[in-house]
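Chemist: I have a structure I would like to understand better, so I am pasting it below and will then ask my questions one at a time.
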Amino acid sequence: MDIQDKIKKFPENFLWGASSSAFQIEGGWNQDGKGKTVADFNSFKRSDKQADSKVASDFYNNWKADIDLMSELGLQLYRFSISWARIIPTGDGEINENGIKFYDQVIDYLLEKGIMPFITLYHFDLPYALVEKYNGWEDRECAFAFERYAKICFERFGTKVKNWQVHNEQNLMVRVDERMNIDVADKWEADRMRAQMDYHMFLAHALTVKVFRKVVENGKIGPAVSSTCSYPASSKPEDVWAAKMNDCFKTEYALDMHVYGEYPKYYMRYLKERNIVPKTEAIDKDILKGATNDFIAVNYYRTLCIEHLPVDESHVLGERESIMNQVDFDQYGYFRHIKNENLKASEYGAQIDPSGLRLVLNRYYEKYRLPMIIAENGLGAHDVLTEDKKVHDGYRIDYLRDHIEACRLAMEDGVEMWGYSPWSVMDILSSHQGFKKRYGFVYINRDDFDLKDMKRIKKDSFYWYQKVIQTHGEEI
Ligand code: BG6
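Numbering-wise (the numbering used here), the sequence shown opens with residue 584 and increments by one.
Here it is as structure tokens:
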């Protein structure tokens, strides 16, 4: 591309949004007939240590005023999730009309304010009744229960809502035992369950896409992945290969499954090596291959640094296991994570790297040729409310500005993108840090154990993003 042709502006149809998820903002966890979810169950286990999902940001009781704030911010798109257990409290039983009514009101008011709803069907909150019934995703039936739930949502909301994503970050979710309700000491058994659950979620995704095509006219649907960008720790060929495998094992195997309807060979080899190949049925092949996606929603927060982990280093892995989280798991014979000394990290440890976003977008576009939207991107920080009720979150503005610029550069590289929807529209319940770690443009005046007045306070980043939207990305 000639330097003169460089994209200076964002394309006219590029949408500016912000994101959230049901259990992290709604509260009202059992209001009006909603059933308990896996997310509730796990958050209640930590109720004595941090905020839980009972009240969260209380969007359930404040939705109208909160949408007014979104409108003031200038949002063109709002990416949020529907709680399956609000629509069907038991997961596969009666429909809860109160739940339908709640989302109907939210959708209608968003549309009235000119904000496009972009809905996630499932963001970590499986109805807990399905865990009690058959251990959730471990059972093939769960895929069909999900398909039914999705169909109900499409029938009830699909004339008004045209953009949908299926599961949020399936590729990350399956690696976190508590999100999947995996509770066994035996690591092999945990991995066997994980592989089976993962497979059933892919099946559910494909069934959902197929039913979507029948029910929603002129709609768009796709997966949302937690993206990974892994740098090799050195130029040693084995480290370069390990970094590539880390991306493949954490994210690209899942995108391959969504786009091509089958596991890539390296992933099948791993499943066989570990003796955890999931059970499948003959009809699945057509289902998986028959589902075509319209876009990829990309969640991006940080990059990773990887070195090769030889098979025989058992003592090292043993030591590391106690400090590794499950998301960044190491794998014998393949990879392990190390710190990248070239990057700064957020106060919570995520290594900040806007260039990685440009790389990821280029990589996925090169490989899958689907348009993309950033559905999550943001900085978790311990924001401080000043005495005069302000939040000076310049660090968040810097982070978002650099990542928006990375999107612009990726588009200049040729990547097709249709929007940017950062995390999060307002402060949300963070899974392991409650309300200590905040991401929002709007501060919620509560802390983990004191609900205070729950007042909504616009942060400095709110006014900054408002300007970004007004100038369509020209003033960042
Ligand atoms: C994403 C999730 O992976 O990360 C969000 O989709 C989550 O639900 C976000 O809040 C940030 O993670 P955390 O742990 O800082 O809340």
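All residues carry an ideal CB built from backbone N, CA and C; glycine is no exception.
The structure presented is a predicted model; accordingly, all values stated were derived computationally and were not measured.
(1) Sorted by chain position, which residues of the same chain lie with C-beta nearer than 7 Å to I859's C-beta, five sequence neighbours on each side aside?
(2) Less than 7 Å between the CB of Q633 and some heavy atom of the ligand ZN, yes or no?
(3) Quick check: what's the CA-CA separation for G600 versus A874?
(4) Leaving aside the five residues before and after E1058 along the sequence, list all residues of the same chain whose C-beta is less than 6 Å from its C-beta, in chain order.
(5) In whole angstroms, what separates the C-alpha of H986 from that of G961?
(6) Since I believe N882 is in contact with A816 (beta carbons under 8 Å), could you give me their beta-carbon distance rounded to a whole number of angstroms?
(7) Grab the span of the alpha helix (DSSP H) containing W824 for me, first residue to last.
(8) Drop a sphere of 10 angstroms on the beta-carbon of S626, count the other beta-carbons inside from all chains shown, and report buried for 16 or more, exposed for fewer.
(9) Assuming E995 is part of the alpha helix (DSSP H), what are its boundary residues?
(10) Any heavy atom of the ligand BG6 closer than 7 Å to the Cβ of G939?
(11) Leaving out the 5 sequence neighbours to the left and right, which residues in its chain are closer than 6 Å to D822 when beta-carbon positions are compared?
(12) Look at the alpha carbon of M1037 and the alpha carbon of N1028, and state the distance between them as a whole number of angstroms.
(13) With a 10 Å radius around its C-beta and 16 neighbouring C-beta atoms as the bar for buried, classify K619 as buried or exposed.
(14) Following a CB-centred definition, is I1011 positioned closer than 7 Å to any heavy atom of the ligand BG6?
(15) With a floor of 4 residues, list each alpha helix (DSSP H) that falls wholly inside the region 659-717, ordered by position along the chain.
(16) Where does E800 land, buried or exposed, given buried means 16+ other C-beta within 10 angstroms?
(17) Which word fits Y843, buried or exposed, when buried means at least 16 other C-beta atoms lie within 10 angstroms of its C-beta?
(18) Sorry if obvious, but does the Cβ on G963 come closer than 7 Å to a heavy atom of the ligand BG6?
(19) Decide if E752 is buried, meaning its Cβ has at least 16 other Cβ atoms within 10 Å, or exposed.
Modeler: For this structure:
(1) Residue 859 sits at position 276 when you count from the first residue of the sequence shown. Excluding residues up to 5 positions away in sequence, D774, R775 and A778 lie with their Cβ nearer than 7 Å to the Cβ of I859 in the same chain.
(2) Ligands present in the displayed structure are limited to the ligand BG6, and the ligand ZN is not among them.
(3) Here the question's residue 600 lines up with position 17 in the sequence shown. Here the question's residue 874 lines up with position 291 in the sequence shown. Answer to the nearest angstrom: the Cα atoms are 27 Å apart.
(4) Position 475 of the sequence shown, counted from the start, is the residue given in the question as residue 1058. Taking C-beta separations shorter than 6 Å and ignoring five residues to either side along the sequence, the partners of E1058 in its chain run K1050, following chain order.
(5) What you label residue 986 is simply residue 403 of the sequence shown in a count that begins at 1. What you label residue 961 is simply residue 378 of the sequence shown in a count that begins at 1. When rounded, the distance between both Cα atoms is 9 Å.
(6) Start at 1 with the first residue of the sequence shown, and residue 816 comes out as number 233. Start at 1 with the first residue of the sequence shown, and residue 882 comes out as number 299. That belief does not hold up - the Cβ atoms of A816 and N882 are roughly 24 Å apart, past 8 Å.
(7) In the sequence shown, counting from the first residue as 1, residue 824 sits at position 241. Going by DSSP, W824 is part of the alpha helix (DSSP H) stretching over P820 to D830.
(8) As a first step, residue 626 is located in the sequence shown; it is residue number 43 there, counting from the start. Burial call: buried.
(9) In the sequence shown, counting from the first residue as 1, residue 995 sits at position 412. Per DSSP, E995 belongs to the alpha helix (DSSP H) from G977 to D996.
(10) Along the sequence shown, one-based indexing puts residue 939 at 356. G939: no, Cβ never under 7 Å from the ligand BG6.
(11) Locating residue 822 in the sequence shown gives position 239, where the first residue counts as 1. Within the same chain, D822 has close Cβ partners P815, A816, E890 and H891.
(12) Sequence index remark: in the sequence shown, residue 1037 carries index 454 (1-based). Sequence index remark: in the sequence shown, residue 1028 carries index 445 (1-based). Our two residues, M1037 and N1028, have alpha carbons roughly 5 Å apart in a direct line.
(13) Start at 1 with the first residue of the sequence shown, and residue 619 comes out as number 36. Answer is buried; the Cβ neighbour count reaches 16.
(14) By 1-based counting over the sequence shown, the position of residue 1011 is 428. Indeed, a heavy atom of the ligand BG6 lies less than 7 Å from the Cβ.
(15) Annotation note: the region 659-717 contains the following uninterrupted alpha helix (DSSP H) runs of length 4 or greater, listed N- to C-terminal: 667-670, 680-695 and 711-717.
(16) Here residue 800 corresponds to residue number 217 of the sequence shown, with the count starting at 1. So E800 counts as exposed.
(17) As a first step, residue 843 must be located in the sequence shown, where it is residue number 260. By the 10 Å Cβ count, Y843 comes out exposed.
(18) Counting from 1 along the sequence shown, the entry for residue 963 is found at position 380. Flag set: Cβ of G963 near the ligand BG6.
(19) For the purposes of this step, residue 752 is taken as residue 169 along the sequence shown, with counting starting at 1. The residue in question, E752, is buried, as its Cβ has 16 or more Cβ neighbours within 10 Å.
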